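Trainee: So the sequence shown is numbered by my numbering: it starts at 245 and just counts up by one.
Have a look at this one.
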Amino acid sequence: MDRDLKKTSAASQWQPRNPVLVWGGGAIGGCVAAFLARAGIPVKMVDVVAEHVHISRTAGLRIDGPVAQFVQAVPSSTPADLEGIYDCILLAVKAQHTEAAVAQLTPHLSPGGVVVSLQNGLNEERIAAGVGAHRTISGFVNFAADYLEPGHISYGNRGAIKLGEYTPGLTQRVEELAALLRAFDPDTSAEADVARYKWGKLAYGSLLFATALANETMSDSLSDAQHQPLFTALAGEVIGVAILAGVSPIGFDGFEPQAFAVEAPVSESKRSLSLMADHYRHSTKQRSGVWRDLAVRKRKTEVDVQIGEIVRVAKARGGQAPITEVLIRMIREIENGQRSIARENLVEFAQIVRELNA
Numbered sequence: 245m246d247r248d249l250k251k252t253s254a255a256s257q258w259q260p261r262n263p264v265l266v267w268g269g270g271a272i273g274g275c276v277a278a279f280l281a282r283a284g285i286p287v288k289m290v291d292v293v294a295e296h297v298h299i300s301r302t303a304g305l306r307i308d309g310p311v312a313q314f315v316q317a318v319p320s321s322t323p324a325d326l327e328g329i330y331d332c333i334l335l336a337v338k339a340q341h342t343e344a345a346v347a348q349l350t351p352h353l354s355p356g357g358v359v360v361s362l363q364n365g366l367n368e369e370r371i372a373a374g375v376g377a378h379r380t381i382s383g384f385v386n387f388a389a390d391y392l393e394p395g396h397i398s399y400g401n402r403g404a405i406k407l408g409e410y411t412p413g414l415t416q417r418v419e420e421l422a423a424l425l426r427a428f429d430p431d432t433s434a435e436a437d438v439a440r441y442k443w444g445k446l447a448y449g450s451l452l453f454a455t456a457l458a459n460e461t462m463s464d465s466l467s468d469a470q471h472q473p474l475f476t477a478l479a480g481e482v483i484g485v486a487i488l489a490g491v492s493p494i495g496f497d498g499f500e501p502q503a504f505a506v507e508a509p510v511s512e513s514k515r516s517l518s519l520m521a522d523h524y525r526h527s528t529k530q531r532s533g534v535w536r537d538l539a540v541r542k543r544k545t546e547v548d549v550q551i552g553e554i555v556r557v558a559k560a561r562g563g564q565a566p567i568t569e570v571l572i573r574m575i576r577e578i579e580n581g582q583r584s585i586a587r588e589n590l591v592e593f594a595q596i597v598r599e600l601n602a
């Protein structure tokens, strides 16, 4: 699993026979669709919010923040009104909506087309079950963005973007898809084994879920010395599950998986957490999308289908993930109105972890 991964930089020679279809026009999909359209790449966006669709295709989709500020008209449609067959569908819906979205998009996917997951979590298995493994491309994204209202997305800061085949191996089509997405972020790369990044993101993501238990910013929580032992234990557990699954995670944007290994000195995990905190300190996105789901949009998070996968994988291989299970329980309690978002949640969580490790 420690093979050297090749990165690409060549310009794309891929000319789609039809527009690139972005399925899901929220924070991730909306940003990508707007940038592709601005670059002159034929693109069409699909979203379930009719008002968002109408504004995006008429007045234009507004992108703002420190990375870029512009308004771009993007051809858009609701799923019910969509027509045509497409060679490339960039899937950018929440993880819990993956199966429903795949069922809707499958009739619009060409026989030789691909679905590219630009999502958090391990959704490729669900996608492959619907369209076939040969038409599934795995994606890893870590840029910060928020859907603020119909027709308006805040792009807080850039982050790593990686693409790879469903099974390990570097192919020409992944190289070309990565080159296509450089119209959004010039550092996008094709990778031989993107699962290593995705498991790194699961560990990283578990920390962001934990920060959503409190109202402090991600930077403040990650850099708080009182909370850092909790974050270290949580990330270490997820890294351990990845190793159990035969994957050696790769770091990005300040997150260094090896710093959270059992044998690593505490100073290493503190350094990595400080780097992560600094990454977000310079972003307009100060709190996670999970916190926004809970505190602002008052809706279910991706905890069950994203973080829950960690527990499922651990148990399937004879292991356990008790710290992750506590995190899932606490997030569910906030979703159900049984717990309020507060710093005390992290203090309580840390106490539970100490008892588990006693």
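Yeah, the Cβ is synthetic: ideal placement off N, Cα and C, and Gly gets one too.
Small disclaimer: the values here were computed from a predicted structure and weren't measured.
Between which residues of its own chain and residue 590 is the CB-CB distance below 6 angstroms, once the five residues before and five after are set aside?
Mentor: By 1-based counting over the sequence shown, the position of residue 590 is 346. Cβ within range, chain order: 457, 458, 471.
Trainee: Thinking C-beta only, is residue 392 closer than 8 angstroms to residue 375?
Mentor: As a working note, residue 375 is residue 131 in the sequence shown. As a working note, residue 392 is residue 148 in the sequence shown. No, the Cβ-Cβ distance between residue 375 and residue 392 is not below 8 angstroms.
Trainee: Per the contact definition of three or more C-beta pairs closer than 8 angstroms, is the stretch 330 to 340 in contact with the stretch 302 to 318?
Mentor: no
Trainee: Indicate the three-state DSSP secondary structure (helix, strand or coil) for residue 255 in the structure shown.
Mentor: The residue given as residue 255 occupies position 11 in the sequence shown. Its pLDDT being 36, under 50, residue 255 is placed unreliably in this model, and the value from its coordinates should be taken loosely. In the three-state reduction of the DSSP assignment, residue 255 falls in the coil class, being assigned neither a helical nor a strand state.
Trainee: Could you tell me how far apart the beta carbons of residue 435 and residue 408 are, in whole angstroms, since I believe they sit closer than 8 angstroms?
Mentor: On the sequence shown, residue 435 is found 191 positions in, with the first residue counted as 1. On the sequence shown, residue 408 is found 164 positions in, with the first residue counted as 1. Going by Cβ atoms, the distance from residue 435 to residue 408 rounds to 5 angstroms, so yes, they are a contact pair.
Trainee: DSSP three-state call for residue 367: helix, strand or coil?
Mentor: Within the sequence shown, the letter at position 123 stands for residue 367. Looking at residue 367 - three-state DSSP - the assignment turns out to be coil, as it is neither helix nor strand.
Trainee: Closer than 6 angstroms by C-beta to residue 268: which residues in its own chain qualify, once you throw out the five before and the five after it? Chain order, please.
Mentor: What you label residue 268 is simply residue 24 of the sequence shown in a count that begins at 1. Only 336, 337 meet the Cβ criterion.
Trainee: Could you compute how far the alpha carbon of residue 317 sits from the alpha carbon of residue 394?
Mentor: Within the sequence shown, numbered from 1, the residue matching residue 317 stands at position 73. Within the sequence shown, numbered from 1, the residue matching residue 394 stands at position 150. One C-alpha to the other measures close to 13 angstroms.
Trainee: Considering only the alpha carbon of each residue, which of 274, 569, 438, 332 lies closest to residue 314?
Mentor: Mapped onto the sequence shown, residue 314 falls at position 70. Taking each of 274, 569, 438, 332 in turn and checking the Cα distance to residue 314, the smallest one comes out for 274.
Trainee: Quick check on residue 422: buried or exposed, where buried means 16 or more other Cβ atoms within 10 Å of its Cβ?
Mentor: Along the sequence shown, read from residue 1 onward, the residue named residue 422 stands at position 178. Under this definition residue 422 is a buried residue.
Trainee: With a Cβ-Cβ cutoff of 8 angstroms, do residue 572 and residue 551 count as a contact?
Mentor: Position 328 of the sequence shown, counted from the start, is the residue given in the question as residue 572. Position 307 of the sequence shown, counted from the start, is the residue given in the question as residue 551. Contact: yes.
Trainee: Of all the options 361, 325, 324, 355, which has the alpha carbon lying nearest to the alpha carbon of residue 342?
Mentor: Looking up residue 342 in the sequence shown gives position 98. Answer by Cα proximity: 361.
Trainee: Consult DSSP for residue 428 and reduce its assignment to one of helix, strand or coil.
Mentor: As a first step, residue 428 is located in the sequence shown; it is residue number 184 there, counting from the start. Three-state DSSP puts residue 428 in coil, outside helix and strand.
Trainee: Output yes or no for whether 8 angstroms exceeds the beta carbon distance between residue 492 and residue 440.
Mentor: As a working mapping, residue 492 is identified with position 248 in the sequence shown. As a working mapping, residue 440 is identified with position 196 in the sequence shown. Cβ distance < 8 angstroms, so residue 492 and residue 440 count as in contact.
Trainee: Output needed for residue 287: all residues of its chain with C-beta closer than 6 angstroms, excluding positions within five of it in sequence on either side, in chain order.
Mentor: For the purposes of this step, residue 287 is identified with residue 43 of the sequence shown, where counting begins at 1. Leaving aside the five residues that flank residue 287 on each side, the residues in its chain whose CB is nearer than 6 angstroms to its CB run, in chain order, 263, 264, 277, 280, 281.
Trainee: Mind reading off the beta-carbon distance from residue 372 to residue 399? Whole number of angstroms is fine, and I expect it under 8 angstroms.
Mentor: Numbered from 1 along the sequence shown, position 128 holds the residue referred to as residue 372. Numbered from 1 along the sequence shown, position 155 holds the residue referred to as residue 399. Actually they do not touch by this definition, with Cβ atoms about 30 angstroms apart.
Trainee: Are three or more beta carbon pairs between the stretch 492 to 505 and the stretch 513 to 532 nearer than 8 angstroms?
Mentor: In this structure the stretch 492 to 505 lies against the stretch 513 to 532, because at least three pairs of beta carbons, one per stretch, are closer than 8 angstroms.
Trainee: Is residue 254 buried or exposed, if buried means 16 or more other CB atoms sit within 10 Å of its CB?
Mentor: Taking the sequence shown and counting its residues from 1, the one referred to as residue 254 is at position 10. Low confidence applies to residue 254: its pLDDT is 35, below 50, so where it sits in the model is not reliable, and the reading given next is rough at best. It counts as exposed.
Trainee: On the CB-based measure, 16 or more other CB atoms within 10 Å of its CB, does residue 511 come out buried or exposed?
Mentor: As a position in the sequence shown, residue 511 is number 267, starting the count at 1. Residue 511 comes out exposed.
Trainee: Just list the residues that DSSP pairs residue 461 with in beta bridges.
Mentor: Along the sequence shown, read from residue 1 onward, the residue named residue 461 stands at position 217. Answer is none; residue 461 lacks a bridge partner.
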